[in-house]
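J.: In numbering that gives the first Met the number 0, the protein residues as written are 0 to 120. The C-beta atom is built at its ideal place from N, Cα and C for all residues, glycine as well. Because the structure is a prediction, the values reported are computed rather than measured. Let me begin by handing over the structure; questions about it come next.
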Amino acid sequence: MNPVSWFEIPVNDMDRAKDFYEKSFDIKIDINEMGPALMGWFPSNPEAPGAAGTLLKGDTYVPSHDGTLVYLGVEDIEATLNKIGNNGGKTLQPKMSIGEYGFIGVFEDCEGNRVALHSLK
């Protein structure tokens, strides 16, 4: 079993971040209030492999380049980095081979977070 089950990406502006991630990854993010926090839920299936996660706006959540790096799985890193650039993000590390483990790329999202991509091709 994968020990990683959850991730949260801090945001300052939920509407801007929701728009950025929906357009960059061709997904739908659902927004819910959870106590004092506002959460934007990435699509997930509890029966399938992979971690669930959210965009999170709250007083103690600050977008950053520092700390843990979350990798989002995609089919095509170069195409995704192009979409990210077109939607207000920027490439920090272009597509790079990591040998038998596939490829990675790193970007800065519209909120100033450093986030990574992973693909097997």
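Work out the CA separation of G104 and P207 for me, nearest whole Å.
T.: No answer is possible for residue 207: the residues shown for the chain start at 0 and end at 120.
J.: Would you mind stating whether E203 and T53 have Cβ atoms separated by less than 8 angstroms?
T.: Since the first residue of the chain shown is 0 and the last is 120, residue 203 is not available in this structure.
J.: When DSSP labels each residue in this structure, what does A126 get in the three-state scheme?
T.: Within the shown structure, residues of the chain are numbered from 0 to 120, placing residue 126 beyond reach of any answer.
J.: Quick one: complete beta strand (DSSP E) runs, 3+ long, within the region 60-104?
T.: 70-72, 89-96
J.: Only counting the same chain, and skipping five residues up and downstream in sequence, which positions put a Cβ closer than 8 angstroms to that of V61?
T.: P9
J.: Could you name the residues of the same chain whose beta carbon sits closer than 8 angstroms to that of I26, not counting the 5 residues immediately before and after it, in chain order?
T.: Y20, F41, P42
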